[in-house]
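To get my numbering, take the position in the sequence shown, counting from 1, and add 11.
Glycine is no exception: its CB is placed at the ideal position from the N, C-alpha and C atoms.
Quick caveat: nothing in here was measured; it's all calculated off a predicted structure.
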Amino acid sequence: MKSSTSENHNNVISTNMETNDNNNSSASVSSSLAAGAGAGAGAGAGSNSKSAMPEEIASIELLENIPAWLKMLRLHKYTECLQDFKWKDLIEFDDSKLEEVGVSTLGARNKLLKSFKFVKENLRD
Numbered sequence: 012m013k014s015s016t017s018e019n020h021n022n023v024i025s026t027n028m029e030t031n032d033n034n035n036s037s038a039s040v041s042s043s044l045a046a047g048a049g050a051g052a053g054a055g056a057g058s059n060s061k062s063a064m065p066e067e068i069a070s071i072e073l074l075e076n077i078p079a080w081l082k083m084l085r086l087h088k089y090t091e092c093l094q095d096f097k098w099k100d101l102i103e104f105d106d107s108k109l110e111e112v113g114v115s116t117l118g119a120r121n122k123l124l125k126s127f128k129f130v131k132e133n134l135r136d
C-alpha cells in the first residue's frame, strides 16, 4: 500500500513541477519588465519592484494597441470597456470617467491612473 501512495505523491510533485515551469516562463518575463523599468527610472535598492512600471507601457507602438497595452498591465479584462478609445484620450481619463466606462474596481482604476501618469511622463517612440 505504501508504494501506491508514494507513486501518487510523486505524480503530484511531477505535475506541480511542470506547472511551475510553465508559470515561471511568464513570471520571468514580467520580472524582467519590472526590473528594466526600475533600473531606467533611477529606482534605489530599496524600491518595490511590484510598483515599478514596465518602460514599454510608454511606447507609442504599444499604446496604439490598447488590448495589448492592457494585457501588459494585467488589466485585459477591461479591454471591452476601453478598446474603442484612442490612447491620447484614454490617458486623460480621471477616476470618475474610468468608472463611468466600466472599470469597476478601485484597484484597477488606480493602476490605470498610475499608468496614465507614467505614460505622460515617459512617452517614447
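Own chain, CB closer than 7 Å to residue i, minus 5 neighbours either side, in chain order
| i | result |
| --- | --- |
| L84 | I68, K122 and S126 |
Per DSSP, the bridge partner or partners of residue i
| i | result |
| --- | --- |
| R135 | S70 |
Same chain only: Cβ atoms within 8 Å of residue i, ignoring 5 sequence neighbours per side
| i | result |
| --- | --- |
| L73 | E67, A79, W80 and M83 |
Counted within 10 angstroms of its Cβ, other Cβ atoms place residue i as buried (16 or more) or exposed
| i | result |
| --- | --- |
| I71 | exposed |
| R135 | exposed |
| S86 | According to the sequence provided, residue 86 is Leu. The question's Ser does not apply to it. Under this definition L86 is a buried residue. |
| L117 | exposed |
Residue-level contact to chain D via CB, residue i, 8 Å cutoff
| i | result |
| --- | --- |
| F127 | The structure shown contains no chain D; it is built from a single protein chain. |
Top-ranked residue by Cα proximity to residue i, from the options
| i | options | result |
| --- | --- | --- |
| V112 | P65, V130, D95 and E132 | D95 |
| F129 | E103, E75 and S115 | E103 |
| W98 | N133, D106, M64 and I77 | I77 |
| K162 | S107, V114 and N133 | This structure leaves residue 162 out entirely; the chain is present only between 12 and 136. |
Length of the line joining the Cα atoms of residue i and residue j
| i | j | result |
| --- | --- | --- |
| K110 | K131 | One point to set straight first is that residue 110 is Glu, not Lys, in the sequence displayed. Taking the straight line joining both Cα atoms gives about 21 Å. |
| A64 | N133 | According to the sequence as given, residue 64 is Met; it is not Ala. Their Cα atoms are separated by approximately 10 Å. |
| L93 | K108 | 11 Å |
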